[in-house]
Amino acid sequence: MSNSVPPPALTRRRFTQLSGMAVGSLALAGAARAAAAADVTLEIAPYTLEASPKHHIRTAAYNGQIPGPLFRMREGEPQSVEIRNLTKDAEVVHWHGLYLPPDIDGAMEEGTPMIAPRASTRYTMTPKPAGFRWYHTHTFAGKDLTKAQYGGLHGFLLIEPRDNPAAYDREVFLGLHDWNGQFLSSDDGYMNPVYDVATINGKMLGSGDPVKVKQGERVMMHILNSSPTEVHWISFSGHSFKVVALDGNPVAQAQTVSMLRLAPAERVSAIVEMNNPGVWVLGEVRKHVQASGMGVVIEYANSSGKPVWTQPEDLVWNYRQFAGAGDAAQHQDAKTIELIFNSKFQGHGNEELWLINGLSYPQNSTPANSPNLQTGQRYRLVMKNKSMDDHPMHLHRHTFEVRRIEDSPEIAGIRKDVVLVQAGGIVEVEFVADNPGKTLFHCHQQDHMDRGFMMVFGYA
Ligand SMILES: [Cu+2]
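Numbering (the numbering used here), first residue to last: 1 to 460.
In structure tokens form, the structure reads like this:
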């Protein structure tokens with residue numbers, strides 16, 4: 001089985017096929033018990049990842065693989081989920097990009113219960129909206145760079161629409177991740193995680209099986225950046241990407257680009273025309289990151305030889321190229337919520353403390369200090385980043401539309417759940433408060449969320 005395409009999990013649909021085959025047999029008894037248990041089972045357990053024959057990383061995994069199993073669910077079709085925690089730490093699973101109630105969304109800040117060590121939990125969820133989503137742990141790491149998102153607890157989730165025009169021949173899922181982090185002090189005295197291993201689908205370049213393709217195929221690539229802290233730049237030598245969706249949501253204007261930029265937790269779905277036979281590298285554009293392993297070989301049928309990498313000169317990306325023209329007058333009913341990001345230096349050799357509107361979590365999330373959303377109301381989040389870092393900002397349980405980036409004109413048609421707000425920059429997004437309950441807003445960089453860069457929005 002190829003490393004680049006994790007095996008599909010035992011979904012209800014597959015179970016139905018299996019049970020049909022196994023009628024009357026002992027296998028049925030076992031399968032029936034499993035199905036009675038849940039449509040989807042996630043077992044969280046210690047795991048040693050072999051990123052290369054020389055790199056063994058002790059971490060945790062879902063169902064004994066990294067990334068975790070690819071789950072395919074049908075939009076609106078309820079799924080029973082069982083999660084078993086076989087680790088020594090409390091765990092929680094966040095379903096990223098879904099509209100779930102706060103008690104199962106997977107953030108303790110919203111009220112989802114943690115799963116104690118050796119305990120399990122079970123619930124039913126209705127997956128929506130359709131698109132490329134993912135699931136991951138949502139715990140605290142602090143100074144332990146093996147825990148939380150630094151480890152292997154992440155996986156792909158595809159919520160299939162009721163009808164899929166499928167203008168492609170097949171799908172390939174690629175997950176980017178960084179490993180073996182340690183806090184190092186930069187010139188200005190701040191402590192930042194630095195990594196020496198980087199992988200695609202858990203393997204360093206050259207260590208995994210190549211992704212095998214055929215000339216003339218149109219391959220839908222679903223790419224996820226599950227890195228705990230790092231933005232990644234990806235190109236595919238000899239090929240280009242026709243970007244059709246960002247964070248799983250179709251864009252207003254599909255565009256063909258030579259390079260992708262993915263901030264932590266972002267996803268890009270792009271169609272690649274396999275029209276240049278050979279053996280190629282798809283990987284990180286920055287040499288030192290590719291050298292630490294972030295790449296995968298793509299091999300055409302009947303081609304052989306050493307994988308070819310062509311080094312691009314510049315880093316190129318702009319969200320706006322996928323947007324349609326927006327109408328500033330269109331959403332005059334939107335109420336503005338201003339969110340100012342800043343950091344407080346804690347002294348040399350320390351991490352900085354992160355502030356939203358002058359306060360860290362949880363002080364910023366009292367009813368007096370945090371937004372109190374009215375159901376049905378449209379809001380415009382005006383995010384002003386006064387810090388010297390870029391921040392991938394994530395809103396739980398909702399999708400927002402990017403409306404303005406820096407001093408751009410009003411734009412429309414880019415719907416996301418994570419957006420990178422660059423150092424010193426401004427991004428404005430809009431969303432309708434249509435999913436009542438506590439809603440977590442945070443920077444997706446693990447070291448930043450661990451140091452206060454979160455806020456809980458309430459509903460009136
Ligand atoms: Cu951040």
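Don't be surprised by glycine CBs; every beta carbon is placed ideally from N, CA and C. Please read these numbers as outputs of a predicted model, since none were measured by experiment.
Distance cut-off 7 Å: HIS394 Cβ against heavy atoms of ligand 1:
no
According to DSSP, is ALA148 helix, strand or coil?
helix
Is ASP247 near ligand 1 - that is, is its Cβ less than 7 Å away from at least one heavy atom of it?
no
Let me confirm a value: PRO69 is counted as buried when at least 16 other C-beta atoms fall within 10 Å, else exposed. Which label applies?
buried
Within 10 Å of its beta-carbon, does GLY206 have 16 or more other beta-carbons around it, so buried, or fewer, so exposed?
exposed
Going by DSSP in three states, ARG451 sits in which element: helix, strand or coil?
coil
Can at least three beta-carbon pairs, one atom from the segment 398-407 and one from the segment 112-120, be found at a separation below 8 Å?
no
So, at 8 Å on beta carbons, what are the nonlocal neighbours of ASN302 in its own chain, with the 5 sequence-adjacent residues on each side left out?
PRO277
VAL197: which of ILE223, THR87, PRO228 sits nearest, CA to CA?
PRO228
Beta carbon of ASP450: closer than 7 Å to some heavy atom of ligand 1?
no
Secondary structure at PRO409, three-state DSSP: helix, strand or coil?
coil
Only counting runs of 3 or more residues, tell me where the beta strand (DSSP E) segments fall wholly within the segment 374-437, in order along the chain.
378-385, 391-395, 400-405, 418-421, 426-432
Looking at the structure shown, is LYS203 part of a helix, part of a strand, or coil, going by DSSP?
strand
Which residues mark the beginning and the end of the alpha helix (DSSP H) in which LYS287 is found?
287-291
Between the C-alpha atoms of ASP178 and THR48, what's the straight-line distance to the nearest angstrom?
15 Å
Between VAL432 and the rest of its own chain, which residues show a CB-CB distance below 6 Å, the 5 nearest in sequence each way excluded?
ARG378
Alpha carbon to alpha carbon, what distance is there between PHE132 and SER269?
8 Å
Hey, could you find the ends of the alpha helix (DSSP H) ILE298 is sitting in?
No alpha helix (DSSP H) contains ILE298, which is instead part of the beta strand (DSSP E) from 295-300.
Straight-line gap, ARG135 to HIS96 (C-alpha atoms, nearest Å)
A small correction: the amino acid at residue 135 is Tyr; Arg does not occupy that position in the sequence shown. So the alpha carbons of these two residues sit roughly 5 Å apart.
So does the segment 333-344 actually touch the segment 380-387, counting three or more Cβ pairs closer than 8 Å?
yes
Extent of the continuous alpha helix (DSSP H) run through ILE104
102-105
Report yes if the C-beta of GLN445 is less than 7 Å from at least one heavy atom of ligand 1; otherwise report no.
yes
Give every residue of the same chain whose Cβ lies closer than 8 Å to the Cβ of GLY64, excluding the five residues on either side of it in the sequence, and list them in chain order.
GLU43, ALA45, TYR47
Going along the chain, which residues of its own chain have a beta-carbon closer than 6 Å to the beta-carbon of GLY452, five neighbours each way excluded?
LEU353, TRP354, SER360, TYR361
Give me the residue from GLY151, PRO67, MET454, ASP390 with the minimum Cα distance to LEU157.
PRO67
If you draw a straight line from the C-alpha of MET274 to the C-alpha of ALA334, how long is it?
44 Å
Tell me the residue span of the alpha helix (DSSP H) that contains ALA38.
Careful: ALA38 lies outside any alpha helix (DSSP H) and carries neither H nor E.
Are SER235 and PRO307 closer than 8 Å when you measure CB to CB?
no
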